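Numbering (the working numbering), first residue to last: 7 to 84.
Virtual Cβ for every residue (Gly too), placed ideally from N, Cα, C.
This one's a predicted model, so the numbers in the text were calculated from it and none came from an experiment.
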């Protein structure tokens, strides 16, 4: 509701935000850690698996991959 209310007022000098590569890397890594962590927890509970691949391969590996893709994408958006 607050975002809708604030968005109704026009801003005179609106510039698109410039995303730095370091911001994209850290932001994507943090969000991917939280999201992929929940997915891995639910996957481990559903399959009753207790191996290290779930932590290192699926959780941390996919979070690092997502952060790397965001970093590379932010380099081309400058």
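Item	Value
Excluding sequence positions up to five away, which residues of its chain have a Cβ less than 6 angstroms from the Cβ of residue 64?	46
Please classify residue 53: does DSSP put it in a helix, a strand, or coil?	helix
Determine the direct distance from the alpha carbon of residue 81 to that of residue 71, and round the result to whole angstroms.	16 angstroms
Counting C-beta neighbours from all protein chains within 10 Å, is the total for residue 34 16 or more, i.e. buried, or is it exposed?	buried
Tell me the DSSP secondary structure of residue 16 in three-state form.	coil
Using 8 angstroms for Cβ pairs, my map puts residue 38 next to residue 68. What's the rounded Cβ distance?	7 angstroms
Once you ignore the five residues that flank residue 42 on each side, which residues in its own chain have a CB closer than 6 angstroms to its CB?	65, 68, 69
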